[in-house]
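Under my numbering, residues 17 to 310 are what the sequence shown spells out, in order. All C-beta atoms, glycine included, are put in the ideal place defined by N, C-alpha and C.
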Amino acid sequence: MDKVADKVALGGLLRERRALITPESQGLHRPTRQGRRAPGLSQAQMDQLLHRSPDTYGRLESGRYAKPPADLLEDVARLLDMNEQEWIALWRYGLGQDPPYPLRAQSGEEIPGVWQEAVDGIAHMAYVHDRSWNLLAWNSAFATLFPAGRVPHNTMRWMALDRAARSILMDWENAWAPLVLPHLRGALAADPHDETLRQIEKEVLADPVTSPIYDRASAYIHLDGDERPLHHLARGPGWVTMCAAQPMAAPGARMIILVFHPGDRRRHARTPMLRADSGRDPRTDAGAGTLGRP
17 MDKVADKVAL GGLLRERRAL ITPESQGLHR PTRQGRRAPG LSQAQMDQLL HRSPDTYGRL
77 ESGRYAKPPA DLLEDVARLL DMNEQEWIAL WRYGLGQDPP YPLRAQSGEE IPGVWQEAVD
137 GIAHMAYVHD RSWNLLAWNS AFATLFPAGR VPHNTMRWMA LDRAARSILM DWENAWAPLV
197 LPHLRGALAA DPHDETLRQI EKEVLADPVT SPIYDRASAY IHLDGDERPL HHLARGPGWV
257 TMCAAQPMAA PGARMIILVF HPGDRRRHAR TPMLRADSGR DPRTDAGAGT LGRP
């Protein structure tokens with residue numbers, strides 16, 4: 017998207033949100049001078065509520081503010097009661113980048129309830145965790161991976177520290193721990209104040225087995241497409257490939273789909289990348305690649 021289109025999109029976003037905030041809700045009065053019929057707060061009232069000099073907000077909405085500061089964007093987003101998706105759009109249209117932090121502290125800790133229905137409709141094992149890896153939703157297929165269907169409260173703690181998990185996560189020291197633990201380091205780098213993750217790291221560093229793996233683990237974060245050995249309690253040993261997606265309204269949260277194939281042979285080691293190339297069927301191409309050996 018070019019700069020002109022960004023300015024148009026930014027103005028549209030701000031006008032739409034501003035129209036939803038009544039002056040009365042902010043202890044102000046609607047202007048009575050003849051000619052103004054637009055709903056919501058005026059641009060002058062926005063400056064007043066933001067404690068900014070005249071025309072500060074007007075420059076932002078009209079696209080005349082070349083590089084608006086982060087504190088102005090945050091104050092505008094909070095005054096206009098934006099959600100996380102609107103917060104991201106505000107940064108992209110205003111500065112051409114994603115915001116460095118969520119708008120609200122609880123963002124990433126909750127998702128709309130329809131996500132439970134969504135994971136229930138997936139045939140593969142699937143779950144959604146929050147930004148701290150606490151489970152929020154999971155399907156019955158995922159529950160079959162655990163004794164008596166008792167899923168762990170926090171999947172990071174389970175993968176990193178639970179001794180019983182290592183009978184399920186086959187070759188844990190080589191195939192799982194070195195790939196899982198960089199996610200913990202990366203999440204803490206993004207949010208060093210996350211109490212749940214800080215506690216897990218403390219336990220990891222105190223563990224004589226996990227600590228040295230954490231110290232030497234690669235900084236590269238693996239997830240999508242990695243195939244790892246797994247012993248399914250009901251289906252036996254096999255290989256699982258993890259596919260990840262992010263709920264747009266919950267920064268840091270993830271939906272994980274576990275594609276499991278029992279047996280000794282890898283199934284996805286040579287599966288080709290999917291691209292929107294003209295004239296081919298990605299289902300056919302992907303299917304042909306699943307028969308390859310590592």
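Exercise. Where do the ends of the alpha helix (DSSP H) carrying VAL9 lie?
Worked result: With the chain covering 17 to 310 only, the question about residue 9 has no answer from this structure.
Problem set entry | Three-state secondary structure assigned by DSSP to ILE184 | coil
Problem set entry | ALA222 - DSSP class collapsed to helix/strand/coil | helix
For this session: Would you kindly check if the distance between the Cβ of LEU106 and the Cβ of PRO115 is under 9 Å?
Result: yes
Exercise. With DSSP run on the structure shown, which of helix, strand or coil describes ALA82?
Worked result: coil
Exercise. Which class does GLY43 belong to by DSSP, given the choice of helix, strand or coil?
Worked result: coil
For this session: Classify LEU96 as helix, strand or coil using the three-state DSSP reduction.
Result: coil
Exercise. Grouping DSSP H, G and I as helix and E and B as strand, with all else coil, what is PRO278?
Worked result: strand
Exercise. From which residue to which residue does the beta strand (DSSP E) around ALA261 run?
Worked result: 252 to 261
For this session: Taking all protein chains shown into account, decide if PRO70 is buried (16 or more other Cβ within 10 angstroms of its Cβ) or exposed.
Result: exposed
Exercise. Okay, do the stretch 117 to 133 and the stretch 263 to 274 touch, 3+ Cβ pairs below 8 Å being the bar?
Worked result: yes
Problem set entry | Beta-ladder partner(s) of TYR143, from DSSP | TRP154, ILE272
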